[in-house]
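Take any residue in the sequence shown, note its place counting from 1, add 69, and you have its number in my numbering.
The beta carbon of each residue, even a glycine, is placed where N, CA and C say it ideally should be.
In what follows, a structure is listed as structure tokens, so that the remarks can point back to it.
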Amino acid sequence: MLPMLGRGKHRSPKKGACFMELASFLAGERWSDHPSCTHPLVAMLARAVNDLTSDHARPQLAPLIPSVIGLTSDDQRWDVRIALRAAQAALPISPADRQQTLAVAIYGAERMLDVLDDRPSGTLAPESVEALESVPKTAAWAERFCAGTTVRPKRFVRDAAPSVVSTAVQGISEAFVPDVDARLRSLLADTIDDVRRWAGREDSAVLDPAEWRDVVKEAPVG
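Dropping the structure here:
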């Protein structure tokens, strides 16, 4: 049994629920798609994935909802790493008109981590190398574009990270691949796993129908 999830905002459960609205309800907060119980960038990713997943596949996101409750931090590395994972996942399959932005995002996020983690300049995670190698010409252009530029972590977190996440999810949703819904869900699930690990959360979060079935409609089976 899974709850019916819909696109966009809903004034009340009677009008429907999106991923983060149901999270707000389960957390005991005021009905909202911007609850305080979840890191803002995780919530943004969840809203974007919710809205760009097909109606048929969207209920499969619901089991992830309890896992985002209580995931908050002001650690700037969270934002950078969330944006980086999104760009890594999206770059190889996104339409060409989004690939430059995503390649620049990978280099930019890695440079932010050089500063925040006090690691050698120019360090690239294996996942970044793999993603960039999938689009060598774009990667070379992005590397030249980023050379000599400086972005402060605070500005990256405030401006760049949300833009990167939005572009990445849009890119995946527009990709010419047969498993768009699965890729969107995997990005969200993998990001949640990352954040729970950073937060030291090892407990398992389970979606209990008893907590929502009197408030939100059940998704049809099949």
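Looking at the DSSP output, Leu160 bridges to nothing.
Rounded to the nearest angstrom, the gap between the Cα atoms of Asp120 and Arg270 is 27 Å.
The Cβ atoms of Leu114 and Leu257 lie closer than 8 Å to each other.
The alpha-carbon separation between Arg167 and Arg76 amounts to approximately 23 Å. Distances from the CA of Arg154 to each of Ala172, Leu140, Ala279 were compared; the closest alpha carbon is that of Ala172. Between Pro128 and Leu91, the C-beta gap is not smaller than 8 Å, which leaves the two residues out of contact.
Less than 8 Å separates the beta-carbon of Ile175 from that of Leu160. About 7 Å separates the beta carbons of Ala194 and Glu179, which is inside the 8 Å limit, making them a contact pair.
Pairing Asp263 with Lys84, the inter-Cα distance amounts to about 32 Å. Residues of the same chain with a CB within less than 7 Å of the CB of Ser136, apart from the 5 flanking positions on each side, are Ile261, Arg265, Ala274 in chain order. Ranked by Cα distance from Thr207, the options Thr170, Val249, Arg188 are led by Thr170. Taken through DSSP and simplified to helix, strand or coil, Leu257 comes out as helix.
By the Cβ criterion, the region 138 to 151 is in contact with the region 222 to 234, since at least three pairs of Cβ atoms, one from each stretch, lie closer than 8 Å.
The continuous alpha helix (DSSP H) containing Glu90 extends over residues 88 to 95.
By the neighbour-count criterion, in which a residue is buried when 16 or more other Cβ atoms sit within 10 angstroms of its Cβ, Thr192 is exposed. In the three-state scheme derived from DSSP, where H, G and I count as helix and E and B as strand, Glu280 is classed as helix. The Cβ atoms of Ala117 and Val233 do not sit closer than 8 Å to each other. The Cβ neighbour count for Arg252, taken over all protein chains shown within 10 Å, is at least 16; the residue is labelled buried.
For Gly75, no alpha helix (DSSP H) segment is defined, and its DSSP state is neither H nor E.
The Cβ neighbour count for Ser163, taken over all protein chains shown within 10 Å, is at least 16; the residue is labelled buried.
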